[in-house]
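J.: Numbering (the numbering used here), first residue to last: 88 to 276.
Glycine included, every Cβ here is placed at the ideal spot set by N, Cα and C.
Treat the numbers as computed from the prediction; the structure is a model and nothing was measured.
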Amino acid sequence: MNIATIALLAFGMSMDAFAAAVGKGAALHRPRLREALRTGLIFGAIETLTPIVGWLLGLAAAAYVRAWDHWIAFCLLGLLGIRMIYAGLQADSDAEEEKPSRHGFWLLAITGLATSIDAMAVGVGLAFLDVEILPVALAIGCTTTIMVTLGVMLGRVLGKLAGSRAEIVGGILLIVIGSLILWEHLHEV
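1. Give the secondary structure of A106 by DSSP, where H, G and I count as helix, E and B as strand, and everything else as coil.
2. Which of the three DSSP states is assigned to N89 in this structure?
3. Between V244, D217 and G265, which lies nearest to W142 when the distance is taken from Cα to Cα?
4. Looking at C-beta atoms only, is the number of pairs between the segment 119–132 and the segment 262–269 that lie closer than 8 Å three or more?
5. Rounded to whole angstroms, what's the CA-CA distance from L167 to T198? Just pull it up for me.
6. With three or more beta-carbon pairs closer than 8 Å as the criterion, would you say the segment 190–205 touches the segment 88–96?
7. Look up D217 in the DSSP assignment and say whether it is helix, strand or coil.
8. Please report the distance separating the alpha-carbon of R243 from that of L194.
9. What distance in whole Å lies between the Cβ atoms of I172 and G258, which are believed to be in contact at a cut-off of 8 Å?
10. Got a sec? Which residues, its chain only, sit under 8 Å from L277 by beta carbon, not counting five neighbours each side?
11. According to DSSP, is G127 helix, strand or coil?
12. Relative to the alpha-carbon of A196, which residue among M88, L136 and T92 has its alpha-carbon at the smallest distance?
13. Should R121 be labelled buried (16 or more other beta-carbon atoms within 10 Å of its own) or exposed?
Listed below in structure tokens is the structure:
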């Protein structure tokens, strides 16, 4: 793989995480750059590891991972989206102070994992192409870190525009991302 191909792959793999990060940023009470970087690093670390895991699985069980990756992503993102919508509906519509100033580690890790299932599938495919996985995984992880950090900060602006229902918008966004992942995989057959 050449550098341009790796860069395009890394950018493509980071787009789901970017969209989820916009929703995460919108659900927070004025997220700061530090929180955006923290979120970016969590997502980036996961996006670095999942293609490596996929590459290793590709050596052992490629058909299994490819058969279920879209369903796993759909279910995880759907459940997280429903949880965010529920939390948004429970919130007082004019209580901006009730929004958290940061998301918990495990919530971010689960969201990061859900948006990186496709990177795991890419790792499986790269195992068959005999590609050196470490440079590709690092490129995906670094790109995701940057894109998620930008996404959280963009979500801050969108959160102000959406008002107290930003968490509902973020939840809907996660459900849409999961649905699109499922739709893409079901229609590529």
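T.: Answer, in terms of the structure:
1. Of the three classes helix, strand and coil, the one that applies to A106 here is helix, per DSSP.
2. Coil.
3. Ranked by Cα distance from W142, the options V244, D217 and G265 are led by D217.
4. No: the two stretches stay apart, fewer than three of their Cβ pairs being nearer than 8 Å.
5. Taking the straight line from one Cα to the other gives about 7 Å.
6. Using a C-beta cut-off of 8 Å, the segment 190–205 makes no contact with the segment 88–96, since fewer than three inter-stretch Cβ pairs fall below that distance.
7. Per DSSP, reduced to three states, the secondary structure at D217 is coil, with no helix or strand assignment.
8. Answer to the nearest angstrom: the Cα atoms are 18 Å apart.
9. About 4 Å separates the two Cβ atoms, so the contact holds.
10. Residue 277 falls outside the range modelled here, since the chain spans only 88 to 276, and no answer is possible.
11. Note: G127 maps to helix in three-state DSSP.
12. From the listed residues M88, L136 and T92, the smallest Cα separation to A196 is found for L136.
13. When all chains shown are included, R121 counts as exposed.
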